[in-house]
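So the protein sequences, as listed, match chains A and B.
Sequential numbering from 23 applies to the first sequence in this note's numbering.
Sequential numbering from 152 applies to the second sequence in this note's numbering.
Notes for the one structure printed next.
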Amino acid sequence: MNLEFLVVCVVVGVGTYLFRYLPTRIGARAGAKALSGRLGAFLAAVGVASVAALLAASLEPLVLAAVSARQFGAAAAAVLGLATTFLLFRWRKDVALATMGGAAVYGLALWLMP
Amino acid sequence: MARTRVGFLQGLLGSLPIVLAYFPVAVSFGVAAGKSGFSLAEAAFMSFIIYAGASQFLAIALLAGGAGPLLAIVSLLTLNARHLLYAPALLQRVRRTESARQLKVSWLWAHGLTDEVFASALGRLAMKDARWTESWQVGMGIGAYLAWGSGTVVGALLGGGAFERWPAVDAALGFLMPTLFLSLLLAMVEKRHWPVVVTAVAVFAVGSALFSASTGILLGMVAGGLVGMLPGPAAPQVVEGQP
């Protein structure tokens, strides 16, 4: 393991850890007062917005492949998988079941497609 | 009325969808690291110490491509800057509970606060009983962390094509991230959130096209958060004792 690799990993690892950890200390000290009002509204919405953005990011490669390489079969399988996830969640309100059910349908659909 | 236990074991069991999603991606990372000339020890070290998927793939591309350490550090830290918002957003939802006032092991679970673990914690808080404990968070984090680390080691050992013999399984595992995020979004979202969701997705698309996917995520999060501050139906209605 060379020194350059080690330095990059340690600095980025420690920096990323501090990004994740320090706000838990600052937030805990500031207490409920600092996290209420407009900042609280912002952070509450950030939660929903982040999951929406992460969903879009996870679908982006599929969408780009469908548009640029005309991989419509994969896009159709993705729609089936996402619809399965939606229906399973509406039915059972179970995140694990909806996640794995949707992925299984996607995999099967892609496999069975000519 | 008996309350649902939300402890370490429940967190560990709750990490199963993330474990299934992480493992094949981590295997891919291990394979990619090996192909780029990194050893098994280096790939594993990076996974355990940085523990951030997208930036790890970028790290091997930058370092194998001859980028200097300063450029690599600045690029990777910029990519991971979105994590600054995760703990405040999570604690905002649990701030009125005992757990939020008395964080004892946030130094431990914070390392595991990845995109997916953060989203799963918000999903837990969107459940009917809306309970969250540090033990649950530690269990959730450890499950995901071990899946990522072990997947990296397996990938580095196996080399390419680990799942090629089972194409349906390979495809299904590759689609776990979108279905996980959709499930979590469905668990969290209410009618009044739609302006936030639409804004986040639209700004992500523009940010991703102009800069990078990670920048798009950060911009989408901030833009959605700003829309949530506007007066009107999108503004969160915080109820005492509820996230």
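Each residue gets a CB set at the ideal place from its N, CA and C atoms; glycine is no exception.
Note that this is a predicted model, so its numbers are computed, not measured.
So which of B/Arg244, B/Ala203, B/Leu377 has the shortest CA-CA distance to B/Thr229? On the second sequence, position 78 is the one that residue 229 of chain B refers to. Ranking B/Arg244, B/Ala203, B/Leu377 by CA distance to the CA of B/Thr229 puts B/Ala203 first.
For the 8 Å Cβ check, are there 3 or more pairs between the region 96-110 of chain A and the region 120-127 of chain A? yes
Using DSSP with H/G/I as helix, E/B as strand and the rest coil, what is B/Leu242? Numbered from 1 along the second sequence, position 91 holds the residue referred to as residue 242 of chain B. Here B/Leu242 sits in helix by DSSP.
Under the three-state DSSP convention, the category A/Glu26 falls into: As a first step, residue 26 of chain A must be located in the first sequence, where it is residue number 4. Of the three classes helix, strand and coil, the one that applies to A/Glu26 here is helix, per DSSP.
Nearest chain B C-beta to A/Ser80 closer than 8 Å, yes or no? If you number the first sequence from 1, residue 80 of chain A lands on position 58. For A/Ser80, the answer is yes, since a Cβ of chain B falls inside 8 Å of its Cβ.
Whose Cβ in chain A lies nearer than 8 Å to the Cβ of B/Ala323? What you label residue 323 of chain B is simply residue 172 of the second sequence in a count that begins at 1. Chain A residues near B/Ala323: Ala125, Ala126, Tyr128, Gly129, Leu130.
Under 8 Å: do the region 330-350 of chain B and the region 31-41 of chain A share three or more Cβ pairs, one atom per stretch? no
Thinking C-alpha only, which one of A/Val68, A/Leu81, A/Trp133, A/Leu28 is nearest B/Ile147? Because chain B in this structure spans residues 152 to 394, residue 147 of chain B falls outside the shown range and cannot be described.
What distance in whole Å lies between the Cβ atoms of B/Leu163 and B/Gly290, which are believed to be in contact at a cut-off of 8 Å? Taking the first residue of the second sequence as 1, we reach residue 290 of chain B at position 139. Taking the first residue of the second sequence as 1, we reach residue 163 of chain B at position 12. Going by Cβ atoms, the distance from B/Gly290 to B/Leu163 rounds to 4 Å, so yes, they are a contact pair.
DSSP state of B/Pro382, grouped into three classes? Sequence index remark: in the second sequence, residue 382 of chain B carries index 231 (1-based). Reduced to three states, the DSSP call for B/Pro382 is coil.
Give the C-beta separation of A/Phe64 and B/Met339 to the nearest angstrom, bearing in mind that I take them to be a contact with Cβ-Cβ under 8 Å. Working through the first sequence from its first residue, we reach residue 64 of chain A at position 42. Working through the second sequence from its first residue, we reach residue 339 of chain B at position 188. With a Cβ gap of about 16 Å, A/Phe64 and B/Met339 do not count as contacting.
Integer Cβ distance of A/Arg60 from B/Ala238, believed to fall under 8 Å: On the first sequence, residue 60 of chain A is found 38 positions in, with the first residue counted as 1. On the second sequence, residue 238 of chain B is found 87 positions in, with the first residue counted as 1. Not quite, the Cβ-Cβ distance comes to about 19 Å (not below 8 Å), so this is no contact.
If we define contact as Cβ-Cβ less than 8 Å, is A/Trp133 a contact residue for chain B? Numbered from 1 along the first sequence, position 111 holds the residue referred to as residue 133 of chain A. For A/Trp133, the answer is yes, since a Cβ of chain B falls inside 8 Å of its Cβ.
Looking at chain A, is there any beta carbon in it that lies within less than 8 Å of the beta carbon of B/Ala183? As a first step, residue 183 of chain B is located in the second sequence; it is residue number 32 there, counting from the start. So no, B/Ala183 is outside the interface.
According to the Cβ coordinates, are A/Ala88 and A/Leu132 closer than 8 Å? Taking the first sequence and counting its residues from 1, the one referred to as residue 88 of chain A is at position 66. Taking the first sequence and counting its residues from 1, the one referred to as residue 132 of chain A is at position 110. Cβ atoms of A/Ala88 and A/Leu132: not closer than 8 Å.
How many angstroms separate the CA atom of B/Ala215 from the CA atom of B/Trp299? Here residue 215 of chain B refers to the residue found at position 64 of the second sequence. Here residue 299 of chain B refers to the residue found at position 148 of the second sequence. Their Cα atoms are separated by approximately 21 Å.
Exposed or buried, B/Trp396, counting other C-beta atoms within 10 Å across all chains shown (16 or more means buried)? For residue 396 of chain B there is no data in the structure shown, the boundaries of chain B being 152 and 394.
Helix, strand or coil for B/Leu308? Go by DSSP, reduced to three states. The residue labelled residue 308 of chain B in the question sits at position 157 within the second sequence. The answer is helix: DSSP assigns B/Leu308 an H, G or I state.
Check this for me: beta carbons of B/Ala184 and B/Ala364, under 8 Å apart or not? Counting from 1 along the second sequence, the entry for residue 184 of chain B is found at position 33. Counting from 1 along the second sequence, the entry for residue 364 of chain B is found at position 213. Their beta carbons are not under 8 Å apart, which means B/Ala184 does not touch B/Ala364 by this criterion.
With a threshold of 6 Å on Cβ separation, who are the neighbours of A/Ala99 within its own chain once the five nearest residues in sequence on each side are excluded? Here residue 99 of chain A corresponds to residue number 77 of the first sequence, with the count starting at 1. Taken in chain order, the residues that qualify are Tyr128, Ala131, Leu132.
Which listed residue (B/Ser271, B/Leu327, B/Phe326, B/Ala356) has its alpha carbon closest to that of A/Val70: Counting from one through the first sequence, the residue named residue 70 of chain A turns up at place 48. Cα-wise, what sits closest to A/Val70 is B/Ser271.
Shorter than 8 Å from the beta carbon of B/Trp283 to some beta carbon of chain A? Stepping through the second sequence from its first residue, residue 283 of chain B is reached at position 132. No, B/Trp283 lies away from the interface with chain A (no Cβ there is under 8 Å from its Cβ).
C-alpha distance - A/Thr46 paired with B/Leu242, whole-angstrom precision: Position 24 of the first sequence holds residue 46 of chain A. Position 91 of the second sequence holds residue 242 of chain B. C-alpha separation (whole angstroms): 8 Å.
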